[in-house]
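So the sequence shown is numbered by the working numbering: it starts at 27 and just counts up by one.
One structure is given below, encoded as structure tokens.
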Amino acid sequence: MTDQQFRVTLATTQGDVVIEVDPALAPQGAQRLREMVEAGVLDGARFFRVVPGFVVQFGIAADPTVAATWRNRPIRDDPVKASNVRGSVTFATAGPNTRTTQLFVNLRDNERLDSMGFAPIGRVIEGMDVVDRLYSGYGEGAPQGRGPRQDRIQSEGEAYLAREFPELDRIERATIAEGGAPAPQR
């Protein structure tokens with residue numbers, strides 16, 4: 027495990043998003059994101075939950091076989107060392123030590139998530155305007171909203187999303203660049 031910052035570029039259907047990942051903030055989460063990018067887990071994945079004024083969620087692999095493999099590999103929690111402010115990137119969790127591959131970008135300051143154990147691993151340093159443009163017409167996921175069901179994304183993958191939620195934007199390719207000098211904000 028490295029303690030050096032690195033950048034992840036998400037080439038999306040709306041443009042590039044660059045995330046600066048800081049292992050000092052959340053070493054387990056940073057390492058997991060590195061593993062996911064290197065294994066191609068995010069390539070083709072959709073932004074399946076876009077809730078305006080809250081979060082953009084992604085990270086379920088397009089291929090259900092890949093999604094199943096990673097779903098069964100949870101990582102330990104990291105302590106919360108930074109706040110869930112606009113642009114911060116955080117792993118989703120369903121309780122203690124349940125983080126797998128799902129991440130979200132905070133669309134606003136969501137400090138209330140800090141006390142719930144959501145530990146940011148980094149922040150968007152380029153392309154927050156791209157994040158703001160991601161398709162949000164389906165809203166919250168089912169059953170609370172009209173968006174896709176996460177269990178069906180897991181079991182059916184891209185076929186389900188393409189058929190029933192074709193407007194959702196996707197990550198075409200995710201890549202890593204080493205180093206982490208801050209880039210100018212746009």
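Where a beta carbon is used, it is the ideal one built from N, C-alpha and C, also for glycine.
Between the stretch 79 to 95 and the stretch 140 to 148 there are fewer than three inter-stretch CB-CB distances shorter than 8 Å, so the stretches are not counted as touching.
In this structure, M62 is the residue among D104, M62, V115, S141 with its C-alpha nearest to the C-alpha of T127. CA-to-CA, the gap between P49 and L139 works out to about 20 Å. In the same chain as G165, and ignoring 5 residues on each side of it, the C-beta atoms closer than 6 Å to its own belong to G171, R172, G173, in chain order. Bridge partners of L129 according to DSSP: F84, F117.
As the crow flies, the alpha-carbon of F73 is around 8 Å from that of L160.
Under the three-state reduction of DSSP output, V156 falls in the helix class. Beta-bridge partners assigned by DSSP to I197: T38. For V76, the enclosing beta strand (DSSP E) starts and ends at 75 to 77.
If the five residues before and after G153 are omitted, its C-beta is found closer than 7 Å to the C-beta atoms of G41, D42, V43, V44, all from its own chain and listed in chain order. Taking the Cα of V47 as reference, the smallest distance to any Cα among P78, R75, T39, A108 is reached at A108. The alpha-carbon of V76 is positioned some 26 Å away from that of R102. E64 and L187 have their C-alpha atoms some 24 Å from each other. Taking the C-beta atoms as reference points, R97 is found no nearer than 9 Å to Q31.
The C-beta distance from V131 to V150 rounds to 6 Å, short enough to meet the 8 Å contact threshold.
Around the beta carbon of S162, a 10 Å sphere encloses 16 or more other beta carbons of the protein chains shown; the residue is thus reported as buried.
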